[in-house]
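A short write-up of the structure that comes next.
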Amino acid sequence: MRRIFYIISLISLLVVTSCVKSEYVTEVNTDYKVNYEAMWKIVNENYCYFGDNYGFTKNVNWQDVYNEMMPKVEQAKDDVEFFEIIGQSLDRLKDGHVWLRSPFNHHSCLTFYYDENNVRYPENYYRGLNTKYLTYVFRTQNKIIYGKIERNGKKFAYIFFDDFTTELSAGNLSLIKPIVEECDGIIFDIRTNLGGSPQSALTMASYFFNEKTLVGYNVSKTGKGYNDVSAEPIPFYAVPSKNVDWSSKETVLLINRDVYSSGNLFASIMRYAPNVTLVGGITGGGGGSPWTFYLPNGWLLVASSGSMILDVNKVHIEPGVEPDVEVTLTKEDAAKGVDTIIEKAIEILSK
285 MRRIFYIISL
295 ISLLVVTSCV
305 KSEYVTEVNT
315 DYKVNYEAMW
325 KIVNENYCYF
335 GDNYGFTKNV
345 NWQDVYNEMM
355 PKVEQAKDDV
365 EFFEIIGQSL
375 DRLKDGHVWL
385 RSPFNHHSCL
395 TFYYDENNVR
405 YPENYYRGLN
415 TKYLTYVFRT
425 QNKIIYGKIE
435 RNGKKFAYIF
445 FDDFTTELSA
455 GNLSLIKPIV
465 EECDGIIFDI
475 RTNLGGSPQS
485 ALTMASYFFN
495 EKTLVGYNVS
505 KTGKGYNDVS
515 AEPIPFYAVP
525 SKNVDWSSKE
535 TVLLINRDVY
545 SSGNLFASIM
555 RYAPNVTLVG
565 GITGGGGGSP
575 WTFYLPNGWL
585 LVASSGSMIL
595 DVNKVHIEPG
605 VEPDVEVTLT
615 KEDAAKGVDT
625 IIEKAIEILS
635 K
């Protein structure tokens, strides 16, 4: 088996969800107050970004949220209204790894798309605009798009990777590798990548390293207190792939706010690969590992907890990964058929 990454705490880093029932649910109960208190307690004891751990906190007073919302809970007329109250509470966390599911609805916290002033981050991607740059296009269910961009006598391999629910297949790689080899650089586009399998992200990142490299640290939550986390962050490393080596190619990684979870992890790791420049806008974050719980009424609650990822400087990647070169793609540019972020990538690779 190919060894991609050596991570001492591999399980805590790669676990996507873990069901925990007995501690918070002793019997079925549909009372709104009981269920809200259970939700509040689950988040209070398990959410990993309340404490000021390694210099970062969400600055959310969870007790204030309880005090504000409980009068609404007591006046809720039906399940739909109660569901919305919980959703409004969870939105305060601005965490895409937090969501609620009932038999009749699903609430995802999309507030991470907005900054501290409640201004939405630039979209920085318009579907279909990227393929206009390609001399020919390969598609795999629109999850993977690859081809060549030619400009001023130079050729650039373009790879669009929509999510990390899968890895590049052997068939895909057999077509992509010759393109990369003949081109002057790589434009790797993950601007809609909301995550998927961390292992897939780690596998992909290994293609861009030529030696074992420290790329981050893992911190585990050790108790129910806000500051109950492991005292010593555990380092993890990138180890080059034995089958693919793109480390010598100048590469531009395109990112935006839609890059989340495993996509965010990939962007963070790629900062430490040789010959890689990040271009676009700040990623969406998602530096914690989500765990799953049940409320007494049977609704499913996912609250980010368990472990947190730090970069090599021991800075949290939860707020997002900043680009090396910030570029905004406006609606006006898109209307002209211009992807300003791809244009900047071409400019960088043409030097």
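Okay, so the sequence shown: first residue is 285 according to my numbering, each after it adds one. For every residue, glycine included, the Cβ atom is placed at its ideal position computed from N, Cα and C.
The DSSP-derived three-state label of residue 618 is helix. The alpha carbon of residue 429 has as its nearest neighbour, out of 581, 419 and 436, the alpha carbon of 419.
By alpha-carbon distance to residue 330, the top candidate from 539, 480, 519 and 507 is 507. The beta-carbon distance between residue 554 and residue 560, rounded to whole angstroms, is 5 Å. This is short enough to meet the 8 Å contact definition. Here the alpha carbons of residue 475 and residue 323 stand approximately 33 Å from one another. Nearest Cα to residue 538 within the set 328, 493, 352 and 623: 623. For residue 439, the closest alpha carbon among the candidates 346, 464 and 368 is that of 464. Between residue 598 and residue 482 a beta carbon distance of about 19 Å is seen, past the 8 Å cut, so the two are scored as non-contacting.
Following the DSSP letters along the chain, one finds residue 557 in no alpha helix (DSSP H), marked with neither H nor E. When C-beta atoms of the segment 565-572 are compared with those of the segment 520-530, fewer than three pairs fall below 8 Å, so the two segments do not count as touching.
When secondary structure is reduced to three states using DSSP, residue 324 falls in the helix class. Non-local beta-carbon contacts of residue 379 in its own chain, meaning distances under 6 Å to residues more than five positions away in sequence, involve 393 and 588 in chain order. In this structure, residue 531 lies near residue 493, with their beta-carbon atoms less than 8 Å apart.
In this structure, the straight-line span from the alpha carbon of residue 565 to that of residue 627 is close to 14 Å. Residue burial is scored here from C-beta neighbours: residue 458 has fewer than 16 other C-beta atoms within 10 angstroms and is therefore classed as exposed. The residue among 383, 631, 615 and 334 with its C-alpha nearest the C-alpha of residue 408 is 615. The three-state secondary structure of residue 374, taken from DSSP, is helix. For residue 631, the enclosing alpha helix (DSSP H) starts and ends at 624-634.
When the five nearest sequence neighbours on each side are left out, the beta carbons in the same chain lying within less than 6 Å of the beta carbon of residue 410 are those of 618, in order along the chain.
The DSSP-derived three-state label of residue 415 is helix.
Between residue 354 and residue 320, the gap from beta carbon to beta carbon is short of 8 Å. Closest in alpha carbon position to residue 444, among 350, 468, 473 and 467, is 473.
Residues 521, 522 and 556 of the same chain have their beta carbon placed closer than 7 Å to that of residue 497, with the five preceding and five following residues left out of the count.
By alpha-carbon distance to residue 422, the top candidate from 455, 594 and 451 is 455. Residue nearest to residue 548 within the set 558, 536 and 567 is 567 (criterion: CA-CA distance). Taking residue 604 as reference, the option from 575, 396, 333 and 515 with the minimal CA-CA separation is 396. Short of 7 Å from the beta carbon of residue 328, and not among the five residues preceding or following it, lie these beta carbons of its own chain, in chain order: 346.
If you check the CB distance, residue 601 and residue 552 come in under 8 Å. DSSP places residue 492 outside both helix and strand once states are collapsed to three, so it counts as coil. The DSSP-derived three-state label of residue 516 is coil. With at least 16 other beta carbons inside 10 angstroms of its own, residue 536 counts as buried.
Selection 436, 575, 308 and 504 evaluated against residue 633 yields 436 as nearest (Cα-Cα). When C-alpha distances from residue 376 are compared across 586, 349, 575 and 416, the shortest belongs to 349.
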